[in-house]
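Reviewing the structure listed below.
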Amino acid sequence: MKKINLFVSFILLVNYCLAAKVDTVNVFSQAMQKNIKTVIIQPEVKAAGATATLYLLHGYSGNYKNWVDNASHIKQLVDQYGYTVVCPDGGFGSWYWDIEGDQNFQYETFVSKELVDYVESNYPVLKDRKRRGITGLSMGGHGALYLAIKHPDVFSAAGSTAGGVDIRPFPDNWDMANRLGTYRENAQKWNEHTIMELTHLIAPKSLDLFIDCGTGDFFYGVNEELHRKLTYLNIPHHYLTLPGKHDWDYWRKSIVYQMAFFDSIFSNNR
């Protein structure tokens, strides 16, 4: 634990004099017919030309401000690595799915299509899947992997921190039954909406993956199972476990490793 704290302190010390630009914008979703608040963090010191983009998703009951409010060093990390970070509002319990027949829950379309189009039309970012990544925490970790697997033409790299990567062990939690119906009566639909049953869609060498979880997290077990399954299927991925629970004490640390991973991917794809 001491090594992690020292690492975060070092990052903050190196970057204390920089100040990333933080915008809060309304992005209109045609699919949902409403504005979605989104935080966009741009590096103060940009490399020549446009930047890569990391889409960073919040968890259940969270909102677009969670990352900048609870992990303020993310601004220093943006300056250090020189890529843009986009934090959309994912609604309350959306799990970043499109729900057929419910106009209020079309977050797959919003994040993977409408938001990407908005960002790339209004900010100096690269319009190239090799320079787009997506990650998030908890529900957002699930959402990031789900969207990247479903839309390999949009994202080249995906991450998850403390993600609910298999929803089936939690059939009564976090509004999932409100979106999908009960697991008991709609098992196939749940299978189609959980990461654990989508791994067959990952084409060889199509997606760089980084998954982490705290060893005291209630999602630790499902992350261990996903790691074992990806290993068994010979799907390359980075997997990290650290001491920690399902809380911001852990996520403030894990975002340092997540953003370093995406920097390495973006740098290799230049």
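Throughout the sequence shown, residue numbering follows mature numbering (1 follows the signal peptide of the UniProt record, and there is no 0), covering -19 to -1, 1 to 251 in sequence. We treat Cβ as the ideally placed atom computed from N, Cα and C, and that holds for glycine.
Residue interval of the beta strand (DSSP E) (run including residue i)
{"i": "THR19", "result": "15 to 23"}
{"i": "ILE115", "result": "113 to 117"}
{"i": "VAL67", "result": "65 to 69"}
Residue environment, residue i, which counts as buried when at least 16 other CB atoms sit within 10 Å
{"i": "GLY162", "result": "exposed"}
{"i": "MET240", "result": "buried"}
{"i": "GLU173", "result": "exposed"}
{"i": "TYR62", "result": "buried"}
{"i": "PHE243", "result": "buried"}
{"i": "ASP60", "result": "buried"}
{"i": "HIS39", "result": "buried"}
{"i": "SER53", "result": "exposed"}
{"i": "THR32", "result": "buried"}
{"i": "GLN23", "result": "buried"}
Bridge partners - residue i, DSSP secondary structure assignment
{"i": "residue 253", "result": "Within the shown structure, residues of the chain are numbered from -19 to 251, placing residue 253 beyond reach of any answer."}
{"i": "PHE247", "result": "DSSP, once it has assigned bridges, lists no residue as partnering PHE247."}
{"i": "SER141", "result": "ILE192"}
{"i": "VAL49", "result": "Paired residues: none, contrary to the question."}
{"i": "TYR36", "result": "VAL67 and ILE115"}
{"i": "ASP109", "result": "For ASP109, which the question treats as bridged, DSSP gives no partner whatsoever."}
{"i": "GLN87", "result": "ASP79"}
Supposed contact pair residue j and residue i - C-beta distance, whole angstroms, cut 8 Å
{"i": "GLU205", "j": "ASP147", "result": "Between ASP147 and GLU205 the Cβ distance is about 10 Å, and since that is not below 8 Å, they are no contact."}
{"i": "MET120", "j": "TRP76", "result": "6 Å"}
{"i": "VAL67", "j": "LEU107", "result": "Wrong, their Cβ atoms sit about 13 Å apart, outside the cutoff."}
{"i": "ARG165", "j": "TRP78", "result": "Contact flag wrong, Cβ pair sits at about 19 Å."}
{"i": "GLY197", "j": "GLY225", "result": "6 Å"}
{"i": "ILE17", "j": "ASP70", "result": "5 Å"}
{"i": "HIS227", "j": "ALA143", "result": "6 Å"}
{"i": "TYR45", "j": "THR65", "result": "TYR45 to THR65, Cβ: 15 Å. No contact."}
Residue i to residue j span [Cα, whole Å]
{"i": "PHE(-10)", "j": "GLN84", "result": "Below a pLDDT of 50, predicted positions are generally treated as unreliable, and PHE(-10), at 45, falls in that range; no measurement from the model is reported."}
{"i": "GLY124", "j": "LEU190", "result": "14 Å"}
{"i": "PRO133", "j": "LEU188", "result": "7 Å"}
{"i": "ASN215", "j": "ARG149", "result": "24 Å"}
{"i": "ARG251", "j": "ASP109", "result": "10 Å"}
{"i": "GLY82", "j": "ALA158", "result": "15 Å"}
{"i": "THR116", "j": "PHE247", "result": "14 Å"}
{"i": "VAL8", "j": "LYS94", "result": "12 Å"}
{"i": "LEU58", "j": "LEU35", "result": "12 Å"}
{"i": "HIS219", "j": "TYR41", "result": "24 Å"}
{"i": "TRP155", "j": "THR175", "result": "14 Å"}
{"i": "LYS15", "j": "THR90", "result": "13 Å"}
{"i": "THR5", "j": "ILE55", "result": "15 Å"}
{"i": "LYS2", "j": "GLU25", "result": "6 Å"}
{"i": "LYS(-18)", "j": "LEU221", "result": "Only weak support is given to the placement of LYS(-18): the predicted model assigns it a pLDDT of 41, under 50, and the value that follows is read from those uncertain coordinates. Answer to the nearest angstrom: the Cα atoms are 17 Å apart."}
Boundaries (first-last residue) of the alpha helix (DSSP H) holding residue i
{"i": "ASN7", "result": "Per DSSP, ASN7 belongs to no alpha helix (DSSP H); it is in the beta strand (DSSP E), 2 to 10."}
{"i": "ASP60", "result": "55 to 62"}
{"i": "THR212", "result": "201 to 213"}
{"i": "THR121", "result": "Position check: residue 121 holds Gly in this sequence, whereas Thr was assumed. Its alpha helix (DSSP H) spans residues 120 to 131."}
{"i": "ASN159", "result": "157 to 161"}
{"i": "TYR99", "result": "97 to 103"}
{"i": "ALA168", "result": "168 to 173"}
CB contact below 7 Å: residue i versus chain B
{"i": "MET157", "result": "Given the protein chain composition of this structure (a single chain), no chain B is represented."}
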